[in-house]
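The C-terminal position of the first sequence is numbered 423 in my numbering, with every residue numbered one higher than the one before it.
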Amino acid sequence: MKNNPLNDYLKNFKIEAFQHDLIDWFQKEQRDLPWRQDKDPYKIWVSEIMLQQTKVDTVIPYFNQFIEKFPTLVDLADANEQEVLKAWEGLGYYSRARNLQNAVREVVTSYDSKIPQESKQLALLKGVGPYTKGAILSIAYDIPEPAVDGNVMRVFSRLLMIDHDISKQSVRRLFEQCVSETISQDNPSAFNQGLMELGALICTPKKPSCMLCPVQEHCKAYHNGVQEQLPVKTKKKKQKEIPYLVFVIQDDQGNILIEQRPEEGLLANMWQFPMIPLFEVDLEHSVNWIEQKYGIKVSVENNLEQIKHVFSHLIWQLGVYKAGLVSGNLSEKNAVLVPKNELANYPFPVSHQKILKHLI
DNA sequence: AAATCGGGGAA
DNA sequence: TTCCCAGATTT
């Protein structure tokens with residue numbers, strides 16, 4: 064305990080006054096958000112998954128529609144995966160949706176449809192990591208557990224002037240200790256949410272509004288004028304570009320060929336128009352490749368558009384071509400010919416929604 | 001420890 | 001352009 068660096072950081076930090084100032088501010092200034100209407104642990108859970116790496120404003124319409132479609136945990140457990148992915152369409156990180164449904168089904172079968180209050184049991188659920196576990200325990204069940212996200216690390220890095228690199232996984236545990244030592248036992252929900260709300264509204268990454276900050280007097284970085292230099296975070300390297308050929312293949316009745324992606328990896332189980340990396344096949348040989356893979360003969364007609372789609376770790380350059388189905392029977396089991404007006408029933412990633420939109 | 005896994009909005 | 005968002009999982 065003597066060599067614990069946390070004691071140095073927390074020296075002179077007025078814990079009780081800080082708790083009061085933070086919670087008081089949160090209760091006055093908190094935003095009116097859909098998942099704050101009640102304390103249904105299921106809704107808290109859904110919101111926390113959706114909010115991972117995603118802005119509040121982006122999540123709101125998805126959350127409302129999702130809860131309308133799957134009002135209870137059992138409704139979500141009983142749904143089919145395609146339906147869930149369709150509700151998640153456009154939100155990104157689609158494994159979140161599949162993991163959530165997997166976890167919800169686990170709760171139904173193993174925990175009598177009640178979300179566990181035990182930290183160990185919660186952590187076993189798919190998609191529930193250290194942050195989400197703490198968020199559910201504190202917000203839904205009023206249990207004083209840390210819920211450390213990017214906001215909390217930014218806020219505490221400034222409050223206590225901690226200059227560890229927050230992009231490193233191991234550093235999160237230091238901030239969990241900060242929260243564990245300072246969290247309000249009376250109102251852990253307001254404390255944790257207050258930290259995040261403060262990070263979102265006041266203690267922002269750039270140009271923090273220190274003059275409006277309810278805990279300004281507790282902030283070591285502000286007193287030293289270094290709030291803009293914190294937190295320390297290494298920047299990520301730039302994405303690799305991959306060029307693809309994409310084919311919109313239409314038969315003489317207007318049906319269009321789409322396929323489901325593999326159940327693992329990027330955009331797992333989402334649907335797309337057939338595509339191939341340009342370094343595997345060039346445009347001249349693409350007809351052969353299509354016949355090999357799908358068992359159909361096509362004639363490539365014209366270039367429809369060029370799409371640049373940016374992911375967090377790579378960039379797709381899509382050369383989209385229109386093609387006509389000449390003959391043959393579809394042999395690829397993950398592919399299907401769909402009437403144009405039924406395409407909207409399938410979940411597409413945004414990159415292929417752009418193509419879909421261009422079609423209509 | 002580093003890479004993978006989406007997409008959008010702010011500056 | 002660059003950053004980064006109520007992160008988790010895999011390698």
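The C-beta atom is built at its ideal place from N, Cα and C for all residues, glycine as well.
Using the beta-carbon count (16 or more within 10 Å), is residue i buried or exposed?
{"i": "SER349", "result": "buried"}
{"i": "PHE342", "result": "exposed"}
{"i": "GLU260", "result": "buried"}
{"i": "ASN287", "result": "exposed"}
{"i": "THR195", "result": "buried"}
{"i": "SER414", "result": "buried"}
{"i": "VAL383", "result": "buried"}
{"i": "GLN313", "result": "buried"}
{"i": "ILE51", "result": "The shown model of the chain, from 64 to 423, leaves out residue 51, and the question about it has no answer."}
{"i": "ARG94", "result": "exposed"}
{"i": "ARG217", "result": "buried"}
{"i": "GLY190", "result": "buried"}
{"i": "ALA166", "result": "buried"}
{"i": "ALA160", "result": "buried"}
{"i": "ARG236", "result": "exposed"}
{"i": "MET64", "result": "Unreliable placement is indicated for MET64, whose pLDDT of 40 sits below 50; no coordinate value is reported for it."}
{"i": "GLU163", "result": "Just to set this straight, residue 163 is Leu in the shown sequence, not Glu. LEU163 should be labelled buried."}
{"i": "VAL289", "result": "exposed"}
{"i": "LYS420", "result": "exposed"}
{"i": "ASN66", "result": "Caution is warranted here: a pLDDT of 48 is assigned to ASN66, below 50, making its placement in the model unreliable, and the coordinate value is therefore given only provisionally. ASN66 is exposed by the Cβ-count criterion."}
{"i": "ASN70", "result": "exposed"}
{"i": "MET274", "result": "exposed"}
{"i": "LEU187", "result": "exposed"}
{"i": "SER110", "result": "buried"}
{"i": "LEU200", "result": "buried"}
From the DSSP output, which residues share a beta bridge with residue i?
{"i": "ASP228", "result": "VAL295"}
{"i": "GLN355", "result": "Bridge partners of GLN355: none, in fact."}
{"i": "MET338", "result": "VAL309"}
{"i": "SER414", "result": "For SER414, which the question treats as bridged, DSSP gives no partner whatsoever."}
{"i": "LYS303", "result": "LEU377"}
Which one of the options has the shortest CA to CA distance from residue i?
{"i": "GLY257", "options": "ASN75, LYS91, VAL167, LYS77", "result": "LYS91"}
{"i": "ARG99", "options": "HIS83, LEU163, ASN127", "result": "ASN127"}
{"i": "ILE86", "options": "LYS299, PHE254, LEU329", "result": "PHE254"}
{"i": "GLY387", "options": "LEU400, LEU377, LEU223, LEU188", "result": "LEU400"}
{"i": "ARG221", "options": "LEU154, PRO402, LEU419, VAL278", "result": "VAL278"}
{"i": "ASN404", "options": "ASN318, PRO193, GLU327, GLY153", "result": "ASN318"}
{"i": "HIS376", "options": "GLU304, LEU308, GLU326", "result": "GLU304"}
{"i": "LEU330", "options": "ASP138, LEU154, LYS74, ALA263", "result": "LEU154"}
{"i": "SER176", "options": "LEU188, VAL137, LEU96", "result": "VAL137"}
{"i": "GLU280", "options": "PHE76, VAL122, LEU69", "result": "PHE76"}
{"i": "VAL363", "options": "TRP352, ASN392, LEU163, ASN70", "result": "TRP352"}
{"i": "ASP103", "options": "PRO134, MET224, VAL119, GLU347", "result": "PRO134"}
{"i": "ALA263", "options": "TYR125, SER247, ILE229, LEU114", "result": "LEU114"}
{"i": "THR62", "options": "SER243, ASP228, LEU275, VAL344", "result": "Past the boundaries of the shown model lies residue 62; the chain is included only from 64 to 423, so the question cannot be answered."}
{"i": "GLY435", "options": "SER158, LEU163, LEU139, ALA150", "result": "An answer regarding residue 435 cannot be provided, because it is not within the stretch 64 to 423 covered by the chain."}
{"i": "LEU381", "options": "LEU308, SER272, LYS301, ILE199", "result": "LEU308"}
{"i": "ILE130", "options": "ASP101, LYS269, ASN332, ASN392", "result": "ASP101"}
{"i": "TYR72", "options": "ALA210, MET224, LEU422", "result": "MET224"}
{"i": "ILE123", "options": "VAL147, GLN116, GLU146, LEU96", "result": "LEU96"}
{"i": "ILE265", "options": "ASN250, SER390, CYS282, ALA407", "result": "CYS282"}
Which whole-angstrom value describes the C-beta separation of residue i and residue j, a residue pair presumed to lie in contact below a C-beta threshold of 8 Å?
{"i": "GLU395", "j": "GLY358", "result": "7 Å"}
{"i": "ILE178", "j": "VAL171", "result": "10 Å between Cβ atoms; not a contact."}
{"i": "PHE374", "j": "PRO337", "result": "Between PRO337 and PHE374 the Cβ distance is about 20 Å, and since that is not below 8 Å, they are no contact."}
{"i": "THR245", "j": "PHE81", "result": "7 Å"}
{"i": "ILE107", "j": "ILE202", "result": "5 Å"}
{"i": "GLU152", "j": "PRO410", "result": "5 Å"}
{"i": "GLU144", "j": "ASN392", "result": "That pair is no contact at about 28 Å."}
Got a sec, what are the start and stop residues for the alpha helix (DSSP H) residue i sits in?
{"i": "ASN255", "result": "251–264"}
{"i": "PHE219", "result": "213–222"}
{"i": "TRP108", "result": "104–113"}
{"i": "ASN365", "result": "Where ASN365 is concerned, there is no enclosing alpha helix (DSSP H), although the beta strand (DSSP E) it sits in stretches over 359–373."}
{"i": "GLY197", "result": "193–198"}
{"i": "ILE130", "result": "119–132"}
{"i": "VAL170", "result": "158–173"}
{"i": "GLU79", "result": "78–92"}
{"i": "HIS286", "result": "283–286"}
{"i": "CYS241", "result": "234–245"}
{"i": "PRO68", "result": "68–73"}
{"i": "LYS183", "result": "182–186"}
Between which two residues does the beta strand (DSSP E) harbouring residue i extend?
{"i": "ASN143", "result": "ASN143 -> no beta strand (DSSP E), and no H or E assigned at all."}
{"i": "ALA398", "result": "398–402"}
{"i": "VAL389", "result": "377–391"}
{"i": "GLN323", "result": "318–323"}
Can you tell me whether residue i sits near the ligand SAH, meaning its C-beta is under 7 Å from at least one heavy atom of the ligand?
{"i": "LEU341", "result": "Absence of the ligand SAH from the depicted structure is noted, as is the absence of any ligand whatsoever, leaving it without description."}
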